[in-house]
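In the working numbering, the protein residues as written are 99 to 434. Notes follow once the structure below has been shown.
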């Protein structure tokens, strides 16, 4: 998942510098592979290292390339444990044999429905279009609410989305269009293209360069982001942006033990750590995702400014596994 508002503070290191070949050191070193938006309070990370006695190193990869890199390096694994595989790519990780089985005893009952093969759910959130409400108020134009609205003439050249071939966030939105439009999803994208949709390379480009709201300086008041994003743009008790909750696809982020891990026990401990009350409570304000443990208290303003979609658009996991690559090829051909 990609959390939009922070840059991971940990340093990406080469796997050869992280993992030793000697048996003694395999129990004292732990390599964690994460996506590029992973961040937690340094105090929590330091406490995990101290409590376990491990020298913990973090390898940071782009979220869209995370599973591909695990597949390409499965004969010489990048690390021991991975965090950041989401439900758009979970099936590929399982199919390619890059993970080992682990059922964490720390998994709360509230997260059981989010589980995937060989992966432990850590957090979740809704990928949705966001609107710069200040821009719309200034223009006297109604804020759109549905996917169909984005194809209307009054919203021409106003929308920025993200390339699904290199971004898990972008892929989540592509899946939303598949779920909403069925066999007509590709025609819908052609309508978006004809209505001037901008396809950014990644979330940062879309939200920070193309978007007119939040910290963006761009010309487009509609952008692909998260339902939690408006909690980031609160000023004086009011948010300057709004998530379009009828456009959402629910994204789940997982952790898993990497097949061939040299410190499998440490990998399991890290997954348990990610499910601890302290980490789960830190996830919302650090990674702008909902914790898998729904009993954890959320930030006070999330009820108003970061509500989840009541009926997110769904695509069965089996359909994603069977069709993901084909859908991406079709999208590329249509939008190239």
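Just so you know, even glycine gets a beta-carbon here, dropped at the ideal spot from N, CA and C.
query: Helix, strand or coil for residue 169 per DSSP?; result: helix
query: At which residues does the beta strand (DSSP E) containing residue 353 begin and terminate?; result: 339-356
query: What first and last residue would you give for the alpha helix (DSSP H) that runs through residue 285?; result: 283-292
query: Restricting to Cα atoms, I'd like to know which of 192, 305, 174 and 251 is closest to residue 225.; result: 305
query: Could you please give me the residues that DSSP links to residue 225 through a beta bridge?; result: 324 and 347
query: For residue 109, which residues of its own chain have a beta-carbon under 6 angstroms away from its beta-carbon, when the five flanking residues on both sides are left out?; result: In this prediction, residue 109 scores a pLDDT of 33, lower than 50, which makes its location untrustworthy; the coordinate-derived value is nonetheless stated afterwards. So the list is empty, once near-sequence residues are dropped.
query: Under the rule that 16 or more other beta-carbon atoms within 10 Å means buried, what is residue 251, buried or exposed?; result: exposed
query: Between residue 186 and the rest of its own chain, which residues show a CB-CB distance below 8 angstroms, the 5 nearest in sequence each way excluded?; result: 266, 269, 270, 273, 349, 418 and 422
query: How is the beta strand (DSSP E) around residue 128 delimited, first residue to last?; result: 127-133
query: Can you name the start and end residues of the alpha helix (DSSP H) that residue 276 belongs to?; result: 266-279
query: Bridge partners for residue 153 per DSSP, in chain order?; result: 127
query: By how many angstroms is the C-alpha of residue 405 removed from the C-alpha of residue 101?; result: In this predicted model, residue 101 has a pLDDT of only 43, less than 50, meaning its place in the structure is not dependable enough to derive any value.
query: Suppose the cutoff is 7 angstroms on Cβ atoms and the five residues either side in sequence are ignored; what does the same chain contact list for residue 189 look like?; result: 415, 418 and 419
query: Return the CA-CA distance between residue 433 and residue 352, expressed in angstroms with no decimal places.; result: 30 angstroms
query: Assuming residue 165 contacts residue 183 (C-beta within less than 8 angstroms), just tell me the rounded distance between them.; result: 6 angstroms
query: Indicate the three-state DSSP secondary structure (helix, strand or coil) for residue 262 in the structure shown.; result: coil
query: Following the continuous beta strand (DSSP E) through residue 182, name the residue where it begins and the one where it ends.; result: 179-184
query: Expressed to the nearest angstrom, what Euclidean distance is found between the alpha-carbon atoms of residue 137 and residue 292?; result: 38 angstroms
query: With DSSP as the reference, please indicate the residues paired to residue 214 in a beta bridge.; result: 217
query: With distances taken Cα to Cα, identify the nearest neighbour of residue 331 among 149, 201 and 399.; result: 399
query: If you count every other CB in all the chains shown that lies within 10 Å of the CB of residue 296, and 16 or more means buried, which is it?; result: buried
query: Can you tell me where the alpha helix (DSSP H) with residue 415 in it begins and where it stops?; result: 415-433
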